[in-house]
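In short: position in the sequence shown from 1, add 2, done, that's my numbering. Below: the structure, in structure tokens.
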Amino acid sequence: MHSDVKVNLDDVRYFLALARHGRLVAAGERLGVEHTTVSRRVAALEKALGHRLFDRTRTGWDLSDAGRRLMPHAERIEAEALLAFSEARDENRPVSGLVRIVATDAAGSVIVAPALAPLHRRHPGIDLELMTTSALISHQSGQFDVAVTLHRPEHPRLRARALGEYALRLYASPAYLERHAPIRVAADLREHELVWYIESLLDLPELRVIDQVVSEAASFAFRSSNVFAQLEAVAAGMGVGLLPSFLADGDPRVVPVLTHEIAITRTFWMIVPSGLVNVERVRIVCEHLARWFEDTVPTPRPPQGGAG
Numbered sequence: 003m004h005s006d007v008k009v010n011l012d013d014v015r016y017f018l019a020l021a022r023h024g025r026l027v028a029a030g031e032r033l034g035v036e037h038t039t040v041s042r043r044v045a046a047l048e049k050a051l052g053h054r055l056f057d058r059t060r061t062g063w064d065l066s067d068a069g070r071r072l073m074p075h076a077e078r079i080e081a082e083a084l085l086a087f088s089e090a091r092d093e094n095r096p097v098s099g100l101v102r103i104v105a106t107d108a109a110g111s112v113i114v115a116p117a118l119a120p121l122h123r124r125h126p127g128i129d130l131e132l133m134t135t136s137a138l139i140s141h142q143s144g145q146f147d148v149a150v151t152l153h154r155p156e157h158p159r160l161r162a163r164a165l166g167e168y169a170l171r172l173y174a175s176p177a178y179l180e181r182h183a184p185i186r187v188a189a190d191l192r193e194h195e196l197v198w199y200i201e202s203l204l205d206l207p208e209l210r211v212i213d214q215v216v217s218e219a220a221s222f223a224f225r226s227s228n229v230f231a232q233l234e235a236v237a238a239g240m241g242v243g244l245l246p247s248f249l250a251d252g253d254p255r256v257v258p259v260l261t262h263e264i265a266i267t268r269t270f271w272m273i274v275p276s277g278l279v280n281v282e283r284v285r286i287v288c289e290h291l292a293r294w295f296e297d298t299v300p301t302p303r304p305p306q307g308g309a310g
């Protein structure tokens, strides 16, 4: 650090916003300022420290080596400041601020989105954003406050909490089953067409499981990177699909297949950057989601009925 320049600790907020969002405009929107303000405050921090904290890329701003070294310390400064302000303020003051949630496509749409309605009624000051993706969440980017995913990261700056389990099971439409040979054992699937992900686009290792169900000689009628498209294809009679039970069990257009022979269990994990664990609005969202998953996502059990 230059001896003749003092660090303005408020500049740390701008550093963290740019580190988490990767773009000046997005960081400015998060802080409620113009992007030029973010650029100016980050430049001031870089000057005070005597190091470049970001590298400009085609997609935005990435942390430099010095920026990555600073990140955990900046998060601790933020967490301690927020905790101190939270404890010092009036307990009756409404909690406010933005919480950005990232979740897998199915869980985000079917479980998380409905959970946010009662949360909003209790805490209308918390602004909620939900992004869904079928890709592996980038735990290095800092672009989320809370993530609901199938992948538990091994990273010292991320806290993981198990939310519950669900099962991947085989489903087909009644019309499809009427037109094709019976499915009594897993080997019978060789005579059927399947619906599944595009393997080359499937980032989540926890979903690379189709080889546990069928052999390499399996025939695929339809592949999609979107699980809702898979469900629609199965419901339309295109083939047999391996679908999340919490998504397919409530759909009257499909029935389970080989219920007692094939069920692949996976765990939902809630991921929070360690620097945000004690931030009140983030903590409120996390506790609400944990209770919601416990109350609404049943422990996987073999469904009743179905073929097989």
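For glycine and all other residues, C-beta sits at the position ideal for the given N, C-alpha and C.
Subject >> Cβ shell of LEU203 (< 6 Å), same chain only, five flanking positions each side left out >> reply: Counting from 1 along the sequence shown, the entry for residue 203 is found at position 201. Cβ neighbours of LEU203 beyond the five flanking positions: SER227.
For MET133, the residue or residues it bridges with in DSSP: Translated into the one-based positions of the sequence shown, residue 133 becomes position 131. According to DSSP, which records beta bridges pairwise, MET133 is partnered with VAL104.
- Inspect the CB distances between the segment 233 to 242 and the segment 169 to 184 and report whether three or more fall short of 8 Å. yes
Check your understanding: Exposed or buried, what is GLU193 when buried is set at 16 or more other beta-carbons lying within 10 Å of its beta-carbon?
Key -> By one-based count along the sequence shown, residue 193 stands at place 191. Flag for GLU193 reads exposed.
- Proximity below 8 Å, CB of ALA164 to CB of TRP294: Taking the first residue of the sequence shown as position 1, residue 164 is located at position 162. Taking the first residue of the sequence shown as position 1, residue 294 is located at position 292. Contact: no.
Q: Determine the burial state of ASP13: buried for a count of at least 16 other Cβ atoms within 10 Å of its Cβ, exposed for fewer.
A: Here residue 13 corresponds to residue number 11 of the sequence shown, with the count starting at 1. ASP13 is buried by the Cβ-count criterion.
For LEU59, is the classification buried or exposed, using 16 other Cβ atoms within 10 angstroms of its Cβ as the cut-off for buried?
-> As a first step, residue 59 must be located in the sequence shown, where it is residue number 57. According to the sequence displayed, residue 59 carries Thr and not Leu. So THR59 counts as exposed.
- prompt: Are VAL112 and LEU209 touching if we call contact CB-CB under 8 Å?
  reply: One-based indexing of the sequence shown puts residue 112 at position 110. One-based indexing of the sequence shown puts residue 209 at position 207. No. Outside cutoff.
| request: Verify the CB distance criterion: does ALA86 have a CB-CB separation below 8 Å to chain D? | output: Of the protein chains in this structure there is only one, and it is not chain D.
key: VAL14, enclosing alpha helix (DSSP H) - first and last residue   = Against the sequence shown, residue 14 aligns to sequence position 12. Counting along the chain, the alpha helix (DSSP H) containing VAL14 begins and ends at 13 to 23.
With the cut-off set at 8 Å, would you say PHE230 and VAL197 are in Cβ contact?
The residue you call residue 230 lines up with position 228 of the sequence shown. The residue you call residue 197 lines up with position 195 of the sequence shown. No, these two residues do not count as a Cβ contact at 8 Å.
* Throw me the rounded Cβ distance for the ASP147 and ARG102 pair, which I believe falls under 8 Å. => Translated into the one-based positions of the sequence shown, residue 147 becomes position 145. Translated into the one-based positions of the sequence shown, residue 102 becomes position 100. Indeed they touch by this definition, with Cβ atoms about 5 Å apart.
Checklist line | Integer-rounded CB distance, given that LEU278 should sit under 8 Å from ASP253 | finding: The count along the sequence shown starts at 1 and reaches residue 253 at position 251. The count along the sequence shown starts at 1 and reaches residue 278 at position 276. ASP253 to LEU278, Cβ: 36 Å. No contact.
By Cβ distance below 8 Å, which residues in the same chain neighbour HIS125 in space, the five residues on each side in sequence not counted?
In the sequence shown, counting from the first residue as 1, residue 125 sits at position 123. So the list reads PRO96, VAL97, ARG283, ILE286, once near-sequence residues are dropped.
Opposing strand residues paired with GLU167 [DSSP bridges]: Counting from 1 along the sequence shown, the entry for residue 167 is found at position 165. Its beta-bridge partners are THR269.
Taking the straight line between their C-alpha atoms, what separation do you get for LEU245 and ARG255?
The residue given as residue 245 occupies position 243 in the sequence shown. The residue given as residue 255 occupies position 253 in the sequence shown. Cα to Cα, LEU245 sits roughly 13 Å from ARG255.
_Report the start-end ranges of each beta strand (DSSP E) in the segment 198 to 262 that is 3 residues or longer and not cut off at the edges._
221 to 225, 242 to 246, 257 to 259
Exercise. Over what stretch of residues does the alpha helix (DSSP H) that includes PHE2 continue unbroken?
Worked result: The shown model of the chain, from 3 to 310, leaves out residue 2, and the question about it has no answer.
| Cβ shell of GLY166 (< 8 Å), same chain only, five flanking positions each side left out | In the sequence shown, the residue the question calls residue 166 occupies position 164. Closer than 8 Å at the Cβ level, and outside the excluded window around GLY166, lie THR269, PHE270, PHE295, GLU296, VAL299, THR301.
Margin query: Assuming contact is defined by CB atoms lying nearer than 8 Å, are ALA115 and VAL150 in contact in what I supplied?
Written below: In the sequence shown, residue 115 corresponds to position 113, counting from 1. In the sequence shown, residue 150 corresponds to position 148, counting from 1. In this structure, VAL150 does not lie closer than 8 Å to ALA115 by Cβ.
* For the alpha helix (DSSP H) that contains VAL27, what are its first and last residues? -> Translated into the one-based positions of the sequence shown, residue 27 becomes position 25. Unbroken alpha helix (DSSP H) run through VAL27: 26 to 33.
Rounded to whole angstroms, what's the CA-CA distance from SER143 to ARG22? Just pull it up for me.
Your numbering for residue 143 matches position 141 in the sequence shown. Your numbering for residue 22 matches position 20 in the sequence shown. Caution is warranted here: a pLDDT of 49 is assigned to SER143, below 50, making its placement in the model unreliable, and the coordinate value is therefore given only provisionally. Computed Cα separation, rounded: 6 Å.
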